[in-house]
Ligand code: CAA
């Protein structure tokens with residue numbers, strides 16, 4: 001498929017999507033998000049793809065929503081665009097998404113990062129929600145996901161000042177998984193993706209969903225959800241393969257069945 005604002009490649013069962021509007025720091029216009037979600041959904045359906053890596057470039061993962069598209073539009077026009085509906089589809093992707101972020105990770109860029117399941121950050125990443133400085137607020141999950149990720153007080157500080165935090169501070173608050181030198185963050189994300197890509201795909205997807213449920217459900221309902229997932233996976237071919245391989249002291253070969 002021909003895209004204008006993203007680039008895509010595959011490597012060993014990993015689908016790699018790179019945001020590609022470098023001149024304006026990967027500002028997220030409507031077309032870019034449409035392309036991104038279309039590609040995520042395509043990769044989610046592709047049986048040869050096990051994990052997705054989402055990256056920008058060293059200077060910017062993404063500096064937020066494209067302000068040019070908002071500056072002159074009326075509230076009603078923006079409401080009619082229903083531009084966040086397409087964002088909501090990102091949370092339905094069943095395969096793991098690993099974010100490889102560097103440089104500016106701001107506004108919609110931070111929200112996009114928070115849509116990833118695991119995040120590897122470069123030491124140069126600056127992460128924040130500066131919408132307040134534009135007289136607005138986040139619209140794609142910034143107040144909700146950031147609060148769940150870093151806690152109420154830190155989220156409040158970041159959202160009300162609009163000041164970004166460093167990658168190291170983000171790591172301390174659990175907003176990213178690892179911080180590595182800028183030369184290494186993409187390869188580190190790819191390495192992690194490959195480690196997950198050899199796991200049984202059904203288990204990967206059921207676990208991903210269960211972990212997300214943990215953020216929303218009361219514990220008893222979450223436990224119930226987990227247990228049903230556990231029983232479901234017992235019916236898979238990969239469960240037989242995994243357990244037989246263990247007993248026979250050999251490496252398992254998972255097929256996704
Ligand atoms: N939208 C549109 N253009 C943007 C942009 C954005 N979010 N961020 C940067 N750009 C453009 C700049 O206008 C500039 O374009 P020109 O070369 O044509 O002038 C180019 O990218 C390079 O940017 P700067 O010259 O400003 O680079 P800098 O290194 O001096 O500053 C920056 C970098 C601190 C990221 C600064 O560009 C900036 O503050 N950007 C805006 C960040 C922001 O407010 N993001 C939130 C947007 S609202 C949102 O995301 C809502 C939501 O929840 C969905």
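Numbering (this note's numbering), first residue to last: 1 to 257.
All residues carry an ideal CB built from backbone N, CA and C; glycine is no exception.
Computed from a predicted model, the values in this text were never measured in an experiment.
(request) Buried or exposed for residue 142, please, with buried defined as at least 16 other CB atoms from any protein chain shown within 10 angstroms of its CB. (result) If you number the chain shown from 1, residue 142 lands on position 142. Within a 10 Å sphere around the beta-carbon of residue 142 sit 16 or more other beta-carbons, which makes this residue buried.
(message) Going by DSSP in three states, residue 208 sits in which element: helix, strand or coil?
(response) As a position in the chain shown, residue 208 is number 208, starting the count at 1. Looking at residue 208 - three-state DSSP - the assignment turns out to be helix.
(request) Tell me, please, which residues DSSP counts as bridged to residue 62. (result) Here residue 62 is taken as the residue at index 62 of the chain shown, counted from 1. Under DSSP, residue 62 takes part in a beta bridge, and its partners are 105.
(request) Tell me whether residue 251 sits in a helix, a strand or coil according to DSSP, three-state version. (result) Locating residue 251 in the chain shown gives position 251, where the first residue counts as 1. DSSP places residue 251 in coil when its eight states are reduced to three.
(message) My output table needs one value for residue 9: the three-state DSSP class, helix, strand or coil.
(response) In the chain shown, the residue the question calls residue 9 occupies position 9. Correct three-state label for residue 9: strand.
(message) Which of the three DSSP states is assigned to residue 198 in this structure?
(response) Working through the chain shown from its first residue, we reach residue 198 at position 198. Residue 198 falls in the coil class under three-state DSSP.
(message) Can you give me the C-alpha to C-alpha distance between residue 75 and residue 136, rounded to a whole angstrom?
(response) Looking up residue 75 in the chain shown gives position 75. Looking up residue 136 in the chain shown gives position 136. Straight across, the Cα-Cα distance linking residue 75 with residue 136 is about 11 Å.
(request) Look up residue 256 in the DSSP assignment and say whether it is helix, strand or coil. (result) For the purposes of this step, residue 256 is taken as residue 256 along the chain shown, with counting starting at 1. Residue state, collapsed to three classes: coil.
(message) Using only Cβ atoms and a threshold of 6 Å, which residues come within that distance of a heavy atom of the ligand CAA? Order them by chain position.
(response) Taking each Cβ in turn, the ones that pass are 24, 25, 27, 63, 64, 65, 66, 67, 68, 104, 106, 107, 108, 111, 130, 131, 134, 138, 139, 140 and 142.
(request) Mark residue 67 as exposed unless 16 or more other C-beta atoms lie within 10 angstroms of its C-beta, in which case mark it buried. (result) Walking along the chain shown from the start, residue 67 turns up at place 67. The residue in question, residue 67, is exposed, as its Cβ has fewer than 16 Cβ neighbours within 10 Å.
(request) Using DSSP bridges, identify the partner residues of residue 54. (result) On the chain shown, position 54 is the one that residue 54 refers to. For residue 54, which the question treats as bridged, DSSP gives the partners 17 and 99.
(request) Take the Cβ of residue 187 as the centre, count every other Cβ of all protein chains shown within 10 Å, and call the residue buried at 16 or more, exposed below. (result) Stepping through the chain shown from its first residue, residue 187 is reached at position 187. Residue 187 comes out exposed.
(message) Taking 6 Å as the limit between beta carbons, can you name the residues of its chain near residue 256, skipping five residues before and five after?
(response) Sequence index remark: in the chain shown, residue 256 carries index 256 (1-based). Beyond the five residues adjoining it in sequence on each side, residue 256 comes within less than 6 Å, by CB distance, of 201 in the same chain, given in chain order.
(message) Considering just the uninterrupted stretch of the alpha helix (DSSP H) at residue 78, what are its terminal residues?
(response) Taking the first residue of the chain shown as 1, we reach residue 78 at position 78. Segment 75-81, the alpha helix (DSSP H) holding residue 78.
(request) Compute the Euclidean distance between the alpha carbons of residue 61 and residue 205, then round it to the nearest angstrom. (result) Position 61 of the chain shown, counted from the start, is the residue given in the question as residue 61. Position 205 of the chain shown, counted from the start, is the residue given in the question as residue 205. Approximately 25 Å, taken between the alpha carbons.
(request) Put residue 142 into one of helix, strand or coil per three-state DSSP. (result) Along the chain shown, read from residue 1 onward, the residue named residue 142 stands at position 142. Here residue 142 sits in helix by DSSP.
(message) Do residue 98 and residue 78 count as a contact pair if the criterion is CB distance below 9 Å?
(response) Within the chain shown, numbered from 1, the residue matching residue 78 stands at position 78. Within the chain shown, numbered from 1, the residue matching residue 98 stands at position 98. Not closer than 9 Å, so no.
(message) Taking the alpha-carbon of residue 236 as reference, which of 64, 254 and 221 has the nearest alpha-carbon?
(response) Position 236 of the chain shown, counting from 1, holds the residue named residue 236. The alpha carbon of residue 236 has as its nearest neighbour, out of 64, 254 and 221, the alpha carbon of 254.
(request) Output the distance between the C-alpha atoms of residue 113 and residue 245, rounded to the nearest integer angstrom. (result) Residue numbering aside, residue 113 sits at position 113 when the chain shown is read from its first letter. Residue numbering aside, residue 245 sits at position 245 when the chain shown is read from its first letter. One C-alpha to the other measures close to 36 Å.
(request) Using the DSSP secondary-structure output, state which residues sit across from residue 179 in a beta bridge. (result) Looking up residue 179 in the chain shown gives position 179. Residue pairing by DSSP places residue 179 opposite 121 in a beta bridge.
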